[in-house]
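Trainee: Can you keep this structure in mind? I'll have questions shortly.
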Amino acid sequence: MPEQSADRTKELVLLMTQHQRRIFSYIYTLVPDRHSAEDILQETSLVICEKFSDFRTGTDFAAWACQIAWWQVRAARTKFARSKVIFDEKVLEAVSATACELAPEQSARHEALSRCLQKLNPRDRELLMTRYESGVEEAAKRTGRSLVAAYKALTRLRKLLHDCVTNALTSEATA
Amino acid sequence: MNAMTDNERVELNDIISALVDGRASDTERARLEELLAASDEARRFYVRSMAMSASLFERAGEMQNERPEPKNVIAFSGWSRWAAPLAAAAAVLFGIWIARFFLGTSQPASAEEQPEMVARLSGSKDCKWIGAAPVSGDEIARGRRLELESGFAEVTFDSGAQLTLTGPATLDVRSAWEAELQRGTLKASVPPEAIGFRVINTAVEVVDLGTEFSMTAEEGGAAEVFVLKGAVEVQPRNQADGAAEPPRSVLREKQARRFAKAGASEVRDRDKKFQRFAAKIAVERMAHPLNYTRWSFDEGAGDIAAAISNGANVVKDSAIHLGKSDTASSRWTQGRWGAALQFDGQPAVQAKLSGAAARGTRSVAVWVRLPAEPSVSGTQSFLALPLNHPPQTWAEFSMNSLPGEGVLGALRMQTRQGASVGATSLRDGKWHHIAAIFGQPAKKANKPHTKLYVDGRLESFSQKPASRRAPSEMPAALDGTLWLGGQPGSSAGATMALDELLLVDRPLSPPEIRHLMQTNQLISAEAIAAN
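First to last, the protein sequences are chains A and B. Residues in the first sequence are numbered consecutively from 16, following this note's numbering. Residues in the second sequence are numbered consecutively from 2, following this note's numbering.
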């Protein structure tokens with residue numbers, strides 16, 4: 016990697032911190048498997064660091080980083096050949112286009128999600144957060160549900176949160 | 002198509018949820034692609050849903066890091082010198098979540114997020130499948146749905162439980178210990194080593210107590226359970242969240258019960274159905290040859306323990322030299338089968354292995370007797386298999402002495418990829434049969450998944466990757482120096498006894514491991530089933 020000044024490194028850390036979620040979210044949307052998506056994010060982060068000298072301060076960092084992520088996802092296609100974590104080429108492109116189109120609303124949706132989580136009853140909230148922390152089996156165990164009941168509840172809760180976030184954004188827009 | 006129907010919206014949400022939870026079937030994945038290709042609305046819903054899950058992963062990670070003793074240990078190994086300071090700065094400034102992505106952690110991803118193989122299609126007859134068609138011998142991943150249109154399919158779970166499906170039937174493979182029958186008929190055969198195996202359904206949960214039973218699931222949600230041998234524990238399921246759990250009960254041999262939303266009841270045409278289920282289903286099994294190298298340690302005297310090899314791609318002429326005759330004589334003891342080797346802290350012994358350079362998934366089986374009293378030398382590795390990739394690397398077996406990494410005294414297998422620690426303590430001065438399956442699966446996309454069996458029972462074990470950058474491949478070429486009774490190169494050895502060491506060039510199935518343990522004879526699952 017080329018030598019970078021301390022200021023430039025600071026800028027990189029700051030930008031990565033600000034946009035990490037968005038980049039991860041973009042990769043996870045294209046490769047819907049958390050573990051694989053994290054691996055691709057790691058590889059993407061490396062390329063971003065290597066190519067950071069190409070990035071022009073003041074332009075859209077997230078868009079630039081997602082472009083790098085896109086190529087990392089494409090490169091991973093060969094690695095994932097025959098596995099189920101990746102879409103067909105055409106669908107991949109269409110989903111990527113939609114993800115880029117919806118990128119501007121993502122921060123607002125993330126904020127709204129916090130408020131919507133607060134509205135859930137505590138048992139549902141524990142199920143959901145435990146699932147994302149330790150997996151479904153642990154979540155089912157901790158909330159005294161069967162695995163099947165946990166899957167059903169998670170499906171219901173995701174829809175509930177999705178609608179809550181969308182409503183929150185719609186009402187903010189019309190307010 | 003652009004706008005979605007209400008039904009499609011519900012369907013899409015269900016599929017995305019299944020996808021996020023790692024349980025989407027091939028059919029569901031194909032359907033998702035179809036919906037995403039056809040509708041802009043579907044794509045928007047999908048992108049927003051996945052972004053929401055990404056946000057939730059982040060939140061959950063933040064919650065975890067707020068806890069007093071974070072599990073994350075940052076591993077710096079293998080990173081270029083500038084990435085580490087950068088990530089360290091990020092970690093200090095902005096929390097460990099960032100560092101996790103820069104550097105990875107020593108914490109394994111939860112098992113359900115890896116395509117873990119938990120069962121195998123071990124036999125079939127006249128099978129017609131809906132969706133992706135597995136063939137006899139194929140491994141089956143956790144979360145996979147098997148949709149059999151007609152015919153018979155036998156699935157052997159890694160726990161040792163065997164389910165024979167009669168089509169039309171739909172079965173979700175949940176883990177090595179659990180399956181869900183969505184519809185159709187199955188017959189379960191569960192050996193004592195797999196006691197605790199569960200078959201669930203919307204109407205009932207059946208926990209096996211070592212038995213044979215049949216179960217039918219109707220599309221409407223009702224299920225019938227027939228116990229052919231032994232006993233099962235049944236629990237009617239109530240889908241309403243928060244409702245009191247109905248009591249568990251035990252069904253014994255020749256008993257049957259019907260479970261529906263309305264409650265449990267008698268089975269109609271009981272005798273006729275029992276007769277039908279009692280009939281043996283003859284499935285066809287592929288013959289999988291067993292190529293192996295075996296040290297029986299039955300010499301009982303002298304300074305050489307000889308090996309017997311059978312088949313291709315196995316280690317040849319690998320006699321183990323026990324050292325000078327005066328020290329060699331103290332090495333022999335009474336074994337689990339005939340004589341065995343005893344180690345009392347003397348230097349380890351070795352044998353050159355060559356001839357098994359091909360890569361693949363392999364098995365090792367051995368009887369071990371470890372001291373009941375812990376000693377420093379007793380916790381040394383007692384068996385090290387050379388992997389030779391890179392040279393001078395081994396798969397080392399020992400008794401776990403690190404309480405932070407799992408049960409003390411349990412079987413520990415250490416490779417460059419990390420450590421796997423079992424759940425059963427071996428520290429009791431008795432003979433235990435251990436078997437490990439390791440190496441790189443045939444399909445390169447599949448991650449290697451080590452499996453450990455102690456006394457024929459699949460061990461639930463904790464895995465500690467060496468680091469996120471540890472190589473994910475485990476070639477298991479078995480080429481180099483095999484060490485017994487101590488760490489490679491170490492002058493002080495372990496304290497323990499070892500008998501009937503066996504290296505096999507393919508993964509052994511649970512029935513093969515069980516048969517080997519019970520009879521000391523290695524024969525294929527096909528031959529066991531034919532007897």
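Ideal placement from N, C-alpha and C gives every residue a C-beta, glycine not left out. Note that the coordinates shown come from a computational prediction; the quantities given were computed from them, not determined experimentally.
#1: How many angstroms separate the CA atom of residue 153/B from the CA atom of residue 363/B?
#2: If you draw a straight line from the alpha carbon of residue 192/B to that of residue 488/B, how long is it in whole angstroms?
#3: Do you know how far the Cα of residue 26/B is from the Cα of residue 118/B?
#4: What residue from 47/A, 24/A and 111/A has the CA that sits closest to residue 70/A's CA?
#5: Whose CA, out of 47/B, 50/B and 55/B, lies closest to the CA of residue 53/A?
#6: Using three-state DSSP, classify residue 522/B as helix, strand or coil.
#7: Can you confirm whether residue 260/B, when its beta carbon is compared against all beta carbons of chain A, has any partner nearer than 7 Å?
#8: Mind listing the chain B neighbours of residue 174/A? Cutoff is C-beta to C-beta under 7 Å, in chain order.
#9: Figure out for me which residue from 72/A, 38/A and 88/A has the closest Cα to the Cα of residue 59/B.
#10: Measure the C-alpha to C-alpha separation of residue 355/B and residue 486/B and round it to an integer number of angstroms.
#11: Determine contact between the region 169 to 187 of chain A and the region 119 to 127 of chain A, defined as no fewer than three beta-carbon pairs at a distance below 8 Å.
#12: Please return the same chain residues whose Cβ sits closer than 6 Å to the Cβ of residue 251/B, not counting the five positions on each side in sequence.
#13: Just confirm the distance between the C-beta atoms of residue 506/B and residue 292/B, as a whole number of angstroms; I'd bet it's less than 8 Å.
#14: Taking 8 Å as the limit between beta carbons, can you name the residues of its chain near residue 372/B, skipping five residues before and five after?
#15: Between residue 197/B and residue 208/B, how many whole angstroms is the CB-CB distance? I'm expecting something under 8 Å.
#16: List, in chain order, every chain A residue whose beta-carbon is nearer than 7 Å to that of residue 48/B.
#17: What is the DSSP secondary structure of residue 206/B, reduced to helix, strand or coil?
#18: Under three-state DSSP, which class holds residue 86/A?
#19: Residue 426/B and residue 410/B - do their beta-carbons sit closer together than 7 Å?
#20: Along the beta strand (DSSP E) that carries residue 137/A, what are the first and last residues, could you check?
#21: Going by DSSP in three states, residue 9/B sits in which element: helix, strand or coil?
#22: Residue 170/A touches chain B at which residues, Cβ-Cβ below 7 Å?
#23: When you compare the region 272 to 285 of chain B with the region 293 to 306 of chain B, are there three or more beta-carbon pairs, one atom per stretch, that lie closer than 8 Å?
#24: Measuring straight from C-alpha to C-alpha, what distance separates residue 370/B and residue 178/B?
#25: Excluding five sequence neighbours on each side, which residues of the same chain lie with their C-beta closer than 6 Å to the C-beta of residue 511/B?
#26: Please state whether the Cβ-Cβ distance between residue 158/B and residue 189/B is less than 7 Å.
#27: Report the residue from 418/B, 482/B, 384/B and 457/B whose alpha carbon sits nearest the alpha carbon of residue 451/B.
#28: Alpha carbon to alpha carbon, what distance is there between residue 459/B and residue 144/A?
#29: Among all the DSSP beta bridges, which residues are the ones paired with residue 120/B?
#30: Taking the beta carbon of residue 401/B as the centre, do at least 16 other beta carbons fall within 10 Å, making it buried, or is it exposed?
#31: At which residues does the beta strand (DSSP E) containing residue 188/B begin and terminate?
#32: Nearest CA to the CA of residue 237/B: which residue from 526/B, 312/B, 32/B and 205/B?
#33: Apart from the five residues on each side of it in sequence, which residues of its chain come closer than 7 Å, Cβ to Cβ, to residue 41/A?
#34: Three or more C-beta pairs under 8 Å: does that hold for the region 131 to 139 of chain A against the region 5 to 24 of chain B?
#35: When DSSP builds the beta bridges, which residues end up paired with residue 126/B?
#36: 7 Å is my cut-off, CB to CB: does residue 47/A come that close to chain B?
Mentor: Taking the structure as given:
#1: In the second sequence, the residue the question calls residue 153/B occupies position 152. In the second sequence, the residue the question calls residue 363/B occupies position 362. Between residue 153/B and residue 363/B, the alpha-carbon positions lie close to 29 Å from each other.
#2: Taking the second sequence and counting its residues from 1, the one referred to as residue 192/B is at position 191. Taking the second sequence and counting its residues from 1, the one referred to as residue 488/B is at position 487. Computed Cα separation, rounded: 36 Å.
#3: Locating residue 118/B in the second sequence gives position 117, counting from the first residue. Locating residue 26/B in the second sequence gives position 25, counting from the first residue. Approximately 15 Å between the Cα atoms of the pair.
#4: If you number the first sequence from 1, residue 70/A lands on position 55. The candidate whose alpha carbon is nearest that of residue 70/A is 24/A.
#5: Taking the first sequence and counting its residues from 1, one reaches residue 53/A at position 38. The shortest C-alpha separation from residue 53/A is found at 55/B.
#6: For the purposes of this step, residue 522/B is taken as the residue at position 521 of the second sequence. Coil.
#7: Indexing the second sequence from 1 puts residue 260/B at position 259. It does not; no Cβ of chain A falls within 7 Å.
#8: Taking the first sequence and counting its residues from 1, the one referred to as residue 174/A is at position 159. Neighbours of residue 174/A on chain B, chain order: 14.
#9: On the second sequence, position 58 is the one that residue 59/B refers to. When each option's Cα is compared against that of residue 59/B, the closest is 38/A.
#10: Working through the second sequence from its first residue, we reach residue 355/B at position 354. Working through the second sequence from its first residue, we reach residue 486/B at position 485. Going by the C-alpha atoms only, they are around 20 Å apart.
#11: Contact holds: three or more Cβ-Cβ distances are below 8 Å.
#12: For the purposes of this step, residue 251/B is identified with residue 250 of the second sequence, where counting begins at 1. Short of 6 Å from the beta carbon of residue 251/B, and not among the five residues preceding or following it, lie these beta carbons of its own chain, in chain order: 232 and 234.
#13: Within the second sequence, the letter at position 505 stands for residue 506/B. Within the second sequence, the letter at position 291 stands for residue 292/B. About 4 Å; that satisfies the 8 Å criterion.
#14: Here residue 372/B refers to the residue found at position 371 of the second sequence. Closer than 8 Å at the Cβ level, and outside the excluded window around residue 372/B, lie 379, 428, 430, 496 and 497.
#15: Taking the second sequence and counting its residues from 1, one reaches residue 197/B at position 196. Taking the second sequence and counting its residues from 1, one reaches residue 208/B at position 207. For a cut-off of 8 Å, the C-beta gap from residue 197/B to residue 208/B is around 7 Å, short enough to register as a contact.
#16: Within the second sequence, the letter at position 47 stands for residue 48/B. When 7 Å is used as the limit between beta carbons, residue 48/B is near these residues of chain A: 44, 110, 113, 114 and 117, in chain order.
#17: Position 205 of the second sequence holds residue 206/B. Looking at residue 206/B - three-state DSSP - the assignment turns out to be strand.
#18: The sequence position of residue 86/A within the first sequence is 71, counting from 1. Secondary structure at residue 86/A: helix, using DSSP grouped into helix, strand and coil.
#19: Taking the second sequence and counting its residues from 1, one reaches residue 410/B at position 409. Taking the second sequence and counting its residues from 1, one reaches residue 426/B at position 425. With respect to residue 426/B, residue 410/B sits close: the two C-beta atoms are nearer than 7 Å.
#20: Position 122 of the first sequence, counted from the first residue, corresponds to residue 137/A. Unbroken run through residue 137/A is the alpha helix (DSSP H), 137 to 149; no beta strand (DSSP E).
#21: If you number the second sequence from 1, residue 9/B lands on position 8. Helix, per DSSP.
#22: Here residue 170/A is taken as the residue at index 155 of the first sequence, counted from 1. For residue 170/A, the chain B residues whose Cβ falls inside 7 Å of its Cβ are 14, 15 and 18, in order along the chain.
#23: With the rule of 3 Cβ pairs closer than 8 Å, the region 272 to 285 of chain B does not count as touching the region 293 to 306 of chain B.
#24: The residue labelled residue 370/B in the question sits at position 369 within the second sequence. The residue labelled residue 178/B in the question sits at position 177 within the second sequence. About 28 Å.
#25: Residue numbering aside, residue 511/B sits at position 510 when the second sequence is read from its first letter. Answer for residue 511/B: 161, listed in chain order.
#26: To locate residue 158/B, count along the second sequence from 1; it is residue 157. To locate residue 189/B, count along the second sequence from 1; it is residue 188. No, they are not a contact pair.
#27: Start at 1 with the first residue of the second sequence, and residue 451/B comes out as number 450. In terms of CA proximity to residue 451/B, 418/B leads the group 418/B, 482/B, 384/B and 457/B.
#28: Locating residue 144/A in the first sequence gives position 129, where the first residue counts as 1. Locating residue 459/B in the second sequence gives position 458, where the first residue counts as 1. Between residue 144/A and residue 459/B, the alpha-carbon positions lie close to 30 Å from each other.
#29: Residue mapping note: residue 120/B aligns to position 119 of the second sequence, counting from 1. In the DSSP assignment, residue 120/B is bridged to 141/B and 158/B.
#30: In the second sequence, the residue the question calls residue 401/B occupies position 400. By the C-beta density criterion, residue 401/B is buried, having at least 16 other C-beta atoms within 10 angstroms.
#31: The residue labelled residue 188/B in the question sits at position 187 within the second sequence. DSSP places residue 188/B in the uninterrupted beta strand (DSSP E) bounded by 179 to 191.
#32: The count along the second sequence starts at 1 and reaches residue 237/B at position 236. The candidate whose alpha carbon is nearest that of residue 237/B is 205/B.
#33: Residue numbering aside, residue 41/A sits at position 26 when the first sequence is read from its first letter. Excluding positions up to five away in sequence, the list reads 81, 84 and 114.
#34: No: fewer than three Cβ pairs fall under 8 Å.
#35: The residue you call residue 126/B lines up with position 125 of the second sequence. Answer is 153/B, bridged to residue 126/B.
#36: As a position in the first sequence, residue 47/A is number 32, starting the count at 1. Closer than 7 Å to some Cβ of chain B, the Cβ of residue 47/A qualifies, so yes.
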